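Q:
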Amino acid sequence: MKASLARRITADGLGLIVAICSAFPVYWMVNTSFLNGRAIRSPEPTWFPAGGTLDNYVALFSTGAFARALGTSLQVAVLTVAVALLFAFMAALAVARFKFVGRKAFIAMILVIQMIPAEGLFISQYKLLEGFGMLNTVLGLTLVYVASVLPFTIWTLRGFVAGIPAELEEAALVDGCGPVRAFFSVTLPLLAPGLVATGVFGFIQAWNEFTLALVVMSGEAQRTLPVWLATFTNTNRGTDWGAVMAGSTLMALPVIIFFMLVQGRMASGMVAGAVKG
Amino acid sequence: MQKYGLKQQFGAPPEWVGGANFVALVSDPYLWTVLFRSILFCLANAALTLGLGLAVALLMRELSKPMRLVVQGALLLAWAMPVLAVLTVWQWMFDTQYGVVNWVLTRLGANFAGHSWLIEPLSFFFVASVVVVWMSVPFVAFTLFAGLTQVSEEAIEASMLDGAGGLARVRHILLPSIKPVLLVVGLLQIVWDLRVFTQVYVLQQAGGLARETNLLGTYVYRLGIGEGQFGMAAAVAMFLLVVTVVLTSPYLVTMFRQEEM
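Chains as they are written, first to last, in numbering that gives the first Met the number 0: chain A, 0 to 276; chain B, 0 to 260.
1. In whole angstroms, give me the CA-to-CA distance for residue 111 of chain A and residue 229 of chain A.
2. Mark residue 170 of chain A as exposed unless 16 or more other C-beta atoms lie within 10 angstroms of its C-beta, in which case mark it buried.
3. Thinking residue 248 of chain A and residue 29 of chain A are a contact (beta carbons under 8 Å), I'd like their distance in whole angstroms, please.
4. Any C-beta of chain E sitting closer than 8 Å to the C-beta of residue 210 of chain A?
5. Would residue 207 of chain A count as contacting chain B if we go by Cβ distances under 8 Å?
6. Exposed or buried, residue 179 of chain A, counting other C-beta atoms within 10 Å across all chains shown (16 or more means buried)?
7. What is the rounded straight-line gap between the Cα of residue 42 of chain B and the Cα of residue 118 of chain B?
8. Assuming residue 52 of chain A contacts residue 244 of chain A under a Cβ cut-off of 8 Å, what Cβ separation, rounded to an integer in Å, is found between them?
9. Closer than 8 Å by C-beta to residue 118 of chain A: which residues in its own chain qualify, once you throw out the five before and the five after it? Chain order, please.
10. To the nearest angstrom, how far is it from the Cα of residue 274 of chain A to the Cα of residue 136 of chain B?
11. Please confirm whether residue 201 of chain B and residue 222 of chain B have their CB atoms less than 8 Å apart.
12. Which residues of chain B have a Cβ atom closer than 8 Å to the Cβ of residue 13 of chain A, listed in chain order?
13. Can you find a C-beta in chain B that's less than 8 Å from the C-beta of residue 56 of chain A?
14. Identify whether residue 256 of chain A lies in helix, strand or coil by the three-state DSSP scheme.
15. Measuring CB to CB, does residue 195 of chain B end up less than 8 Å from residue 247 of chain B?
16. If I follow the unbroken alpha helix (DSSP H) through residue 133 of chain A, where does it start and stop?
17. Return helix, strand or coil for residue 152 of chain B, following the three-state DSSP convention.
18. With a threshold of 8 Å on Cβ separation, who are the neighbours of residue 209 of chain B within its own chain once the five nearest residues in sequence on each side are excluded?
19. What number of angstroms, rounded off, separates the C-alpha of residue 164 of chain A from the C-alpha of residue 197 of chain B?
20. For residue 73 of chain B, which option in A/177, A/199, A/16, A/87 has the closest C-alpha, if you only look at C-alpha atoms?
21. Hey, which unbroken runs of the alpha helix (DSSP H) at 4 residues or more fall wholly within the segment 95–148 of chain A?
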């Protein structure tokens, strides 16, 4: 059918435009990070990093500020994931496997807390950490991060735990395993993918978070990567765009890789909840 | 609800002032300006994101397989980008002297050479909206597309036999079937766009324009962390919290109901 062919071609043409619109900024970031200062400051944009340079990346690591921010970000993110997973795991098991008084209230609370915007809480969190003497410390930032990712991690892990039939554990118990052994040799291995996915979510959130990092880590030496990037561009005299783009690329790389690993679950999880009703 | 100023920083106990912070706020016309601006920004962006996301999702149904993969890959890339990386790239693209946006617009015949985007409130919010919408469309598009793939083929075929054209099919079959997803995504979008902080804050730092462009989130920050008026800032934050909770309660109730079933 001719009409149908024309329709396909129009659709694919529009698709191409959508793809370009959404991928171009990412390409532009990577492209610029490989250009030298002259190419960046020329009136004509350079579209391909032909004969590119690694100077921007070298410059980035030569100052020390970037490496320090990278270190802080890594520490905070890893610590947050570790602590959040531990708590979330126990909470998820409890909520999915046991019936107890206040279980419904607990679930409701998780849902409500998840919706509360960080922007509404950072004043009280700031005062709280100030009282603890934990402003500008990795531990302080980790504390508020754990608090903010915990509801989401519990919620996701709960789904994974509920997906494992309790009969499997019971079968292991009947076969003579103790409850501890049944847990370690049956439940935990089955949960591994869930733990990985949830951990990745937590890592991405802690790695990208800006608002709380800005509020809690105000000292120059304690900046996390996002805060460092933000201060790097706000100088009114000529910004070194090559270095900024190199920094952004390095910051985005792990997130993009991790994101590709878990994205399927992200979309399907949210839709499953909405369509069923 | 406590008076919390510089004096209290030096050890004086906070004074209980009851509703005074709230009274001071409500009678400050600037709060209403900020509130109105936030709601306008939020609704405009949520509507734009939802519209574009829906358009992309509907478009994805029509694409050939390889093109669909390309589009999905590109959307995923945009979705995965960390906020700060997104902000730096768009700032660079909208750069006054060497930005690629000004270059393209000048090429198209408009005189945008050396145009500053961030020093005027209206174009400031235009840039902020571009950033926010660009970041949010992938999520909406993917979610709606996933919803669309669950619409039964029979219903679509039946409508084709009945002679329904493309538009009628979208309106009477596709949209009604994804209505629940559409509602949830719309609600989430509104909540997310209302609390927007990072994008506006970073662009403010770059453009040097704060008072004319403050939204609720940045207003709280500037009152509290910037000026040390923690009591007032907390009062504005309460505002934000209440609005959010009211807006999300229908979503939470449906989520909870599903869990119980």
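Even for Gly, the Cβ is constructed at its ideal location relative to N, Cα and C.
Model, not experiment: these values are computed from the prediction.
A: In brief:
1. Computed Cα separation, rounded: 31 Å.
2. When all chains shown are included, residue 170 of chain A counts as exposed.
3. For a cut-off of 8 Å, the C-beta gap from residue 248 of chain A to residue 29 of chain A is around 6 Å, short enough to register as a contact.
4. Among the protein chains in the structure shown, which are A and B, there is no chain E.
5. By the rule that beta-carbons nearer than 8 Å mark a contact, residue 207 of chain A touches chain B.
6. Exposed, since its Cβ has fewer than 16 Cβ neighbours within 10 Å.
7. If you take the alpha carbons of residue 42 of chain B and residue 118 of chain B, they lie about 23 Å apart.
8. About 12 Å separates the beta carbon of residue 52 of chain A from that of residue 244 of chain A, a gap too long to meet the 8 Å contact definition.
9. Around residue 118 of chain A, the same chain offers 210 as residues with beta carbons nearer than 8 Å, after the five sequence neighbours per side are excluded.
10. Here residue 274 of chain A scores only 34 on pLDDT, less than 50, and its place in the model is too uncertain to base an answer on.
11. Pairing residue 201 of chain B with residue 222 of chain B gives a Cβ-Cβ distance that is not under 8 Å.
12. Going along chain B in sequence order, the residues near residue 13 of chain A (Cβ under 8 Å) are 58.
13. No, residue 56 of chain A lies away from the interface with chain B (no Cβ there is under 8 Å from its Cβ).
14. DSSP places residue 256 of chain A in helix when its eight states are reduced to three.
15. If you check the CB distance, residue 195 of chain B and residue 247 of chain B do not come in under 8 Å.
16. Counted as a single uninterrupted DSSP element, the stretch harbouring residue 133 of chain A is not any alpha helix (DSSP H), since DSSP gives it neither H nor E.
17. DSSP places residue 152 of chain B in helix when its eight states are reduced to three.
18. 203, 217, 221.
19. Answer to the nearest angstrom: the Cα atoms are 42 Å apart.
20. Considering only A/177, A/199, A/16, A/87, the residue with the shortest C-alpha distance to residue 73 of chain B is A/16.
21. Those alpha helix (DSSP H) runs which fall completely within the segment 95–148 of chain A and span 4+ residues are 102–114, 121–131.
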